[in-house]
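Taking it in order: structure first as structure tokens, then the write-up.
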Amino acid sequence: MADKPCEHMETVRDVSPNAQGCEDCLRIGSTWVHLRMCMTCGHIGCCDSSPNRHARQHFKAHPDHPIARSYEPGENWWWCFADGRLFMVPGAPKAPSYSDS
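Here it is in structure tokens:
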């Protein structure tokens with residue numbers, strides 16, 4: 149895991165989660181494994197271990213939204229889809245999760 153934030157940090161906004169589960173899975177009646185939150189718009193998508201990989205699909209549809217953050221309880225890591233890079237953001241607030249509702 150990288151110690152420095154990604155070079156795409158300028159795309160990060162002050163976002164709130166758009167849903168308490170994967171927005172796209174909820175819409176189609178599917179299930180997910182883990183959740184990720186887009187740090188540009190707040191879209192909640194499922195991880196690459198999920199059948200539909202909606203977080204990655206969101207990035208592919210919106211390449212200007214490269215950074216997602218885990219939306220799982222207790223996980224504070226960030227991921228850059230553009231760089232394929234896992235990293236932490238020193239001083240970032242605690243990650244929100246679906247369990248915080």
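Just so we're on the same page, our numbering is the position in the sequence shown counted from 1, plus 148.
No residue lacks a Cβ here, since even glycine has one placed at the ideal position from N, Cα and C.
Around the beta carbon of A216, 16 or more other beta carbons sit within 10 angstroms, so the residue counts as buried. Between the beta-carbon of D231 and that of C173 there is about 26 angstroms, and that puts the pair past the 8 angstroms contact cut.
Around the beta carbon of P221, fewer than 16 other beta carbons sit within 10 angstroms, so the residue counts as exposed. When DSSP states are grouped into helix, strand and coil, A216 belongs to the strand group. The beta carbon of K242 lies closer than 8 angstroms to those of N224 in the same chain, with the five residues before and after it left out. DSSP places C173 within a helical segment (H, G or I) once states are collapsed to three. Contact between N200 and S164 does not hold, since the beta-carbon distance rounds to 23 angstroms and is not under 8 angstroms.
Secondary structure note for R233: its beta strand (DSSP E) is the uninterrupted segment 233-235.
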